[in-house]
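Student: The sequence shown maps to residues 471 to 563 in our numbering. Encoded as structure tokens, here's the structure I'll be asking about.
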Amino acid sequence: MLLDLIGQSCESGARLHKACAVIGLDARTVQRWRRPGHQDKDLRVAGKRRITVPANKFSQAERQAALALINSDQFKDLPPSQIVPRLADQGLW
């Protein structure tokens, strides 16, 4: 579809990079799509990545406890750079 539109505009006298810019594509992408042997499927790996859960991820209960502590009156006005050392001094972090 897009290649047909770009092809029509180029046949009408438009430059490839200008036609591509109008629809938000890079001219190099269109050149790659036109290359013989190009596959018409999405080859990006973004959707195929495995999402691993870190071994040290907080459980929901730990997360709620940490948020309650951080949002307490003692720490509510402090940035994390000051909260963490204070909790470490108390042996809580």
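C-beta atoms are modelled at their ideal positions from N, C-alpha and C, and glycine is treated no differently.
Please work out which residues of its chain come closer than 7 Å, Cβ to Cβ, to L503, disregarding the five sequence neighbours upstream and downstream, and give them in chain order.
Tutor: As a working note, residue 503 is residue 33 in the sequence shown. Looking at the sequence shown, residue 503 is not Leu but Trp. Excluding residues within five positions, the ones whose Cβ falls inside 7 Å are L473.
Student: What separation, rounded to the nearest whole angstrom, lies between the Cα atoms of L548 and A538?
Tutor: Your numbering for residue 548 matches position 78 in the sequence shown. Your numbering for residue 538 matches position 68 in the sequence shown. So the two alpha carbons sit approximately 14 Å from each other.
Student: Quick check on the burial criterion: 16 or more other C-beta atoms within 10 angstroms. Buried or exposed for V500?
Tutor: Here residue 500 corresponds to residue number 30 of the sequence shown, with the count starting at 1. By the neighbour-count rule (16 or more Cβ atoms within 10 Å), V500 is buried.
Student: Between the C-alpha atoms of Q560 and T522, what's the straight-line distance to the nearest angstrom?
Tutor: The count along the sequence shown starts at 1 and reaches residue 560 at position 90. The count along the sequence shown starts at 1 and reaches residue 522 at position 52. Going by the C-alpha atoms only, they are around 32 Å apart.
Student: Using only the alpha-carbon positions, how far apart do R520 and E481 sit?
Tutor: As a first step, residue 520 must be located in the sequence shown, where it is residue number 50. As a first step, residue 481 must be located in the sequence shown, where it is residue number 11. Approximately 44 Å between the Cα atoms of the pair.
Student: With a threshold of 16 other CB atoms inside 10 Å of the CB of A491, please say whether the residue is buried or exposed.
Tutor: For the purposes of this step, residue 491 is identified with residue 21 of the sequence shown, where counting begins at 1. Exposed, because fewer than 16 other Cβ atoms sit within 10 Å of the Cβ of A491.
Student: I'd like the list of long-range same chain contacts for A525, defined as Cβ closer than 6 Å, with 5 residues on each side in sequence excluded.
Tutor: The residue given as residue 525 occupies position 55 in the sequence shown. So the list is empty, once near-sequence residues are dropped.
Student: Report the three-state DSSP secondary structure of V523 (helix, strand or coil).
Tutor: Here the question's residue 523 lines up with position 53 in the sequence shown. In the structure shown, V523 sits in coil (DSSP, three-state: anything other than H, G, I, E or B).
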